[in-house]
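Protein chains: 2
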Amino acid sequence: MSPALPSGLLGDLDPTSDRAVFRQIADQLREAIDRGRFGEGEKLPSEAELVEHYGVSRMTVRNSFSILQGEGLVHAEHGKGVFVRPRPPVRRLASDRFARRHREQGKSAFIVEADAAGSHPQVDSLEVKEEKASQDVSTRLGSVRRVLARRRRYLLDGRPVEFATSYLPLDIARGTQIAEPNPGPGGIYARLEELGHRLDHFEEEIRARMPSPDEVKTLRLASGVPVIHLIRTAFDTEGRPVEVCDTVMAADAYVLSYQLPAT
Amino acid sequence: MSPALPSGLLGDLDPTSDRAVFRQIADQLREAIDRGRFGEGEKLPSEAELVEHYGVSRMTVRNSFSILQGEGLVHAEHGKGVFVRPRPPVRRLASDRFARRHREQGKSAFIVEADAAGSHPQVDSLEVKEEKASQDVSTRLGSVRRVLARRRRYLLDGRPVEFATSYLPLDIARGTQIAEPNPGPGGIYARLEELGHRLDHFEEEIRARMPSPDEVKTLRLASGVPVIHLIRTAFDTEGRPVEVCDTVMAADAYVLSYQLPAT
DNA sequence: CACACATACTCGTATAGACGAGTGGGCAAG
DNA sequence: CTTGCCCACTCGTCTATACGAGTATGTGTG
Numbered sequence: 001m002s003p004a005l006p007s008g009l010l011g012d013l014d015p016t017s018d019r020a021v022f023r024q025i026a027d028q029l030r031e032a033i034d035r036g037r038f039g040e041g042e043k044l045p046s047e048a049e050l051v052e053h054y055g056v057s058r059m060t061v062r063n064s065f066s067i068l069q070g071e072g073l074v075h076a077e078h079g080k081g082v083f084v085r086p087r088p089p090v091r092r093l094a095s096d097r098f099a100r101r102h103r104e105q106g107k108s109a110f111i112v113e114a115d116a117a118g119s120h121p122q123v124d125s126l127e128v129k130e131e132k133a134s135q136d137v138s139t140r141l142g143s144v145r146r147v148l149a150r151r152r153r154y155l156l157d158g159r160p161v162e163f164a165t166s167y168l169p170l171d172i173a174r175g176t177q178i179a180e181p182n183p184g185p186g187g188i189y190a191r192l193e194e195l196g197h198r199l200d201h202f203e204e205e206i207r208a209r210m211p212s213p214d215e216v217k218t219l220r221l222a223s224g225v226p227v228i229h230l231i232r233t234a235f236d237t238e239g240r241p242v243e244v245c246d247t248v249m250a251a252d253a254y255v256l257s258y259q260l261p262a263t
Numbered sequence: 001m002s003p004a005l006p007s008g009l010l011g012d013l014d015p016t017s018d019r020a021v022f023r024q025i026a027d028q029l030r031e032a033i034d035r036g037r038f039g040e041g042e043k044l045p046s047e048a049e050l051v052e053h054y055g056v057s058r059m060t061v062r063n064s065f066s067i068l069q070g071e072g073l074v075h076a077e078h079g080k081g082v083f084v085r086p087r088p089p090v091r092r093l094a095s096d097r098f099a100r101r102h103r104e105q106g107k108s109a110f111i112v113e114a115d116a117a118g119s120h121p122q123v124d125s126l127e128v129k130e131e132k133a134s135q136d137v138s139t140r141l142g143s144v145r146r147v148l149a150r151r152r153r154y155l156l157d158g159r160p161v162e163f164a165t166s167y168l169p170l171d172i173a174r175g176t177q178i179a180e181p182n183p184g185p186g187g188i189y190a191r192l193e194e195l196g197h198r199l200d201h202f203e204e205e206i207r208a209r210m211p212s213p214d215e216v217k218t219l220r221l222a223s224g225v226p227v228i229h230l231i232r233t234a235f236d237t238e239g240r241p242v243e244v245c246d247t248v249m250a251a252d253a254y255v256l257s258y259q260l261p262a263t
């Protein structure tokens, strides 16, 4: 037998309302969460408790939970309960993150920054290979057919937060350290500059959308968490695109920050 | 009686798989959509047809649909059917959209740009009033207590795509044309410069998340569509923040584009 | 011809029940 | 005391059924 819910925590249903019962329940839970009656990481009443409290069927309660899950407010754990989803620490990406001065040190920007923030960074699933350029990448790089692709995934404290693929024209990258798993200090941008491609500027395109099932797996995303899709193109001083980087980020782990001149 | 489904359109279930039936059905529908067997705006088989095709109960089929809805792939219309969600035309926001030269003309940037793109722009629900600054706005504007808030919603071809609130310190905005519903040619940035606050640069912070129920209503969002939350702060040449603009955009209607110097 | 209505189809909401599987605590045997 | 098992509780999956409500289409009536 489930213990009765603390009275006052949740209200009653309004049978005269034309709002669906499961929506009313979701509304009440959402409000309780917003008001802090259920804190981050805290367990919500179980399905059985809500069934009893509201006098509805279990499916109706589950329906309410599924609304809140879609909003990214809660997540269910099999065998444990439904919990208020804690907000993970966010990673701030500043618009000067590719400034030349940041390339001096040996370690990658990701590692340096995460260490500074006190979290444990990790990079894995590195894959470096030549492949056929997709239509989009080919267009962005100026009609190249094949490219060098560098894939990697970034983790903070064991949690995957982003995965990225860099595409470079073969005539630039083939046979250089860029084609090695470890591109050396300063990363591939430092290597590009050593190869005579002095970087002039970057263009970034940002979209947000719900993740594909693949992305859910790779980033271990909770339901109700969108992804930020960022496509960056690097141009050298001659105006030639020398790299396209396609990045998919867990949206709840990032804030992007840009500075624009008012020119 | 429902007509039988064209054979070959969808496969069979694998009873030996440990993947849940409703996931298998969702997988098959997703793949069919990805392969273009169901085009944009096209109607998927009805629940009844899928019930018959797979030999499962209706709730199982609905469960599959709800997965695809959460992914933003399809949307249901009461009394009509379930349809592949068409991708709306996207609005590109370039990083030079606040360049001074764009402020010369009389009409707002939104109107000009939409006209050029051949769509019908509209701005509504304008509200201009003084109010208490939220904690966040206050911090960004440098500890002001009260602000002038300008709220408006933007529509393209009748569809709401974004709503935005500008906050300005009272000592700058009160009694000026900025406090009027129509701020005049070039918008409030032009007025700010006339008032002696020459703009130096902007800072933009970008997040993506699922919308609140309010935002779903205001932007008439389909389920499975995230929002892009953009917070822009405008600084004058003396380094003072003179405006904070809080914008919530339908993520399926926008691509943000930025240029960064490689400095 | 025009309009109202019946009808069949669609998805939306809700119930009641069943079994499965992950988790954790308590209890009994060693 | 430690180990292992059982049990209670949790959410996950699935069935079967019922009625409501929005949409479209035909059909018959005026």
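Chains S and U, in that order, give the protein sequences. Residue 242 in UniProt numbering sits at position 242 of the first sequence, with consecutive numbering throughout. Residue 212 in UniProt numbering sits at position 212 of the second sequence, with consecutive numbering throughout. C-beta atoms are modelled at their ideal positions from N, C-alpha and C, and glycine is treated no differently.
Exercise. Where does the unbroken beta strand (DSSP E) through PHE163 of chain U begin, and where does it stop?
Worked result: 159-169
Exercise. Under 8 Å, do ARG209 of chain U and ALA251 of chain S count as touching if we go by C-beta distance?
Worked result: yes
For this session: Just the C-alpha distance for TYR167 of chain U and ARG100 of chain U, rounded to the nearest angstrom, thanks.
Result: So the two alpha carbons sit approximately 20 Å from each other.
For this session: Identify whether residue 264 of chain S lies in helix, strand or coil by the three-state DSSP scheme.
Result: The structure shown does not extend to residue 264 of chain S, since chain S is modelled only from 1 through 263, so no value can be given for it.
Problem set entry | Members of the region 200-225 of chain U that neighbour chain S once the beta carbon cut-off is set at 7 Å | ASP200, HIS201, PHE202, GLU203, GLU204, GLU205, ILE206, ARG207, ALA208, ARG209, MET210, SER223 and GLY224
For this session: Tell me, please, whether the CB atom of ARG100 of chain S is closer than 8 Å to any CB atom in chain U?
Result: yes
For this session: Check the Cβ-Cβ distances between VAL255 of chain S and every residue of chain U, and say whether any is below 8 Å.
Result: Interface annotation, VAL255 of chain S: in contact with chain U, CB-CB separation under 8 Å.
Exercise. Taking the DSSP output, what are the residues bridged to THR247 of chain S?
Worked result: S:ALA164 and S:LEU230
Problem set entry | Integer-rounded CB distance, given that GLU203 of chain U should sit under 8 Å from SER257 of chain S | 7 Å
Problem set entry | Range of the contiguous alpha helix (DSSP H) that encloses LEU68 of chain S | 58-70
Exercise. Is DSSP giving ALA116 of chain S helix, strand or coil here?
Worked result: helix
Problem set entry | CB contact flag (PHE235 of chain U, VAL244 of chain U, <8 Å) | no
Exercise. So, does the CB of GLU71 of chain U fall closer than 8 Å to a CB anywhere in chain S?
Worked result: yes
Exercise. Which residue from U:VAL128, U:MET59, U:VAL144 and U:LYS129 puts its Cα closest to that of GLN135 of chain U?
Worked result: Of U:VAL128, U:MET59, U:VAL144 and U:LYS129, the smallest CA-CA separation from GLN135 of chain U is found for U:VAL144.
For this session: With a threshold of 16 other CB atoms inside 10 Å of the CB of GLU71 of chain U, please say whether the residue is buried or exposed.
Result: buried
Exercise. Chain U beta carbons: is any one of them nearer than 8 Å to that of TYR54 of chain S?
Worked result: no
Exercise. If you draw a straight line from the alpha carbon of PRO15 of chain U to that of GLY196 of chain S, how long is it in whole angstroms?
Worked result: 59 Å
For this session: Output the boundary residues of the alpha helix (DSSP H) element that contains GLU50 of chain S.
Result: Reading the sequence as shown, one finds Leu at residue 50 of chain S and not Glu. It spans 47-54 - the alpha helix (DSSP H) in which LEU50 of chain S sits, taken as one unbroken run.
Exercise. Can you tell me whether ASP12 of chain S is buried or exposed, with buried defined as 16 or more other CB within 10 angstroms of its CB?
Worked result: exposed
Problem set entry | Residue of S:LYS43, S:GLU113, S:ALA48 and S:SER66 minimising C-alpha distance to GLY81 of chain S | S:LYS43
Exercise. Of all the CB atoms in chain S, is at least one closer than 8 Å to the CB of ALA179 of chain U?
Worked result: Chain S, which has no Cβ nearer than 8 Å to the Cβ of ALA179 of chain U, makes this no.
Exercise. Span of the beta strand (DSSP E) holding ALA149 of chain U?
Worked result: 146-156
For this session: Give a yes or no on contact between the region 221-235 of chain S and the region 61-70 of chain S, applying the rule of three or more CB pairs nearer than 8 Å.
Result: yes
Exercise. Curious, which full-length alpha helix (DSSP H) runs of at least 4 residues does the region 74-139 of chain S contain?
Worked result: 109-116
For this session: Would you kindly work out how many angstroms separate the C-alpha atoms of THR247 of chain S and GLU49 of chain S, rounded to a whole number?
Result: 43 Å
Problem set entry | Close beta carbons around SER64 of chain S, own chain, < 7 Å, minus the five adjacent residues each side | PHE22, ILE25, ALA26 and LEU29
Exercise. At which residues does the alpha helix (DSSP H) containing GLU31 of chain S begin and terminate?
Worked result: 21-34
For this session: Kindly give me the distance between the Cβ atoms of ALA149 of chain S and THR165 of chain S, rounded to whole angstroms, as I take these residues to be in contact under 8 Å.
Result: 6 Å
Exercise. Considering only C-alpha positions, which residue in the set S:THR237, S:GLU194 and S:ILE228 is nearest to GLU215 of chain S?
Worked result: S:ILE228
Problem set entry | Nearest-angstrom Cα separation, counted from VAL147 of chain U out to PRO185 of chain U | 22 Å
For this session: Flag LEU156 of chain U as yes if its beta-carbon sits less than 8 Å from any beta-carbon of chain S, otherwise no.
Result: no
For this session: Please compile the residues from chain U whose C-beta is within a distance smaller than 7 Å of the C-beta of ILE228 of chain S.
Result: Against chain U, the beta carbon of ILE228 of chain S has neighbours under 7 Å at ALA208, listed in chain order.
Exercise. Between the Cα of HIS120 of chain S and the Cα atoms of S:ARG152, S:LEU156 and S:ALA109, which residue gives the shortest distance?
Worked result: S:LEU156
Exercise. Cβ of SER95 of chain S less than 8 Å from any chain U Cβ?
Worked result: yes
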